[in-house]
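In our numbering, the protein residues as written are -13 to 84.
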């Protein structure tokens, strides 16, 4: 982080959410996939899952005293058909101006 230095490593921080599709988004997504191109219904669902996981990541980091998160990554796993776990994780740190 330009202009800052890490003064303490907190460690792994994470945020998790589990999202499910619904019949309406499946119907819209099915039609869009037949037409080809971007499947907007699923993009919105994916973005909502990532945002929720990110928000939980920030809460977890703050709860452990971090004021910054380095090397943020996302992972998604289908738990069962139509149900996806989204994980956001990174390294919680304390930074101060350099």
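Glycine included, C-beta positions come from ideal geometry on N, C-alpha and C.
What you are looking at is a predicted structure, and each value in this text was computed from that prediction instead of being measured.
Using 10 angstroms around the beta-carbon of residue i, count the other beta-carbons present and answer buried if the total reaches 16, otherwise exposed.
i	result
residue 29	exposed
residue 39	buried
residue 68	exposed
Do residue j and residue i count as a contact pair if the criterion is CB distance below 9 Å?
i	j	result
residue 50	residue 1	no
residue -5	residue 58	no
How is the alpha helix (DSSP H) around residue i delimited, first residue to last?
i	result
residue 26	26 to 49
What does a CB cutoff of less than 8 Å around residue i pick up in its chain, not counting 5 residues either side in sequence?
i	result
residue 9	With a pLDDT of 48 at residue 9, under the threshold of 50, the predicted position of this residue should be treated as unreliable, and no value is reported.
In terms of residues, what are the limits of the beta strand (DSSP E) holding residue i?
i	result
residue 83	69 to 83
residue -13	From DSSP, residue -13 is part of no beta strand (DSSP E); its letter is neither H nor E.
residue 52	Residue 52 -> no beta strand (DSSP E), and no H or E assigned at all.
Residues in its own chain within less than 6 Å of residue i by CB, not counting five upstream and five downstream?
i	result
residue 71	4, 63, 65
Apart from the five residues just before and just after residue i, which ones in its own chain have a Cβ nearer than 7 Å to its Cβ?
i	result
residue 46	-1, 0, 1
residue 53	80, 81
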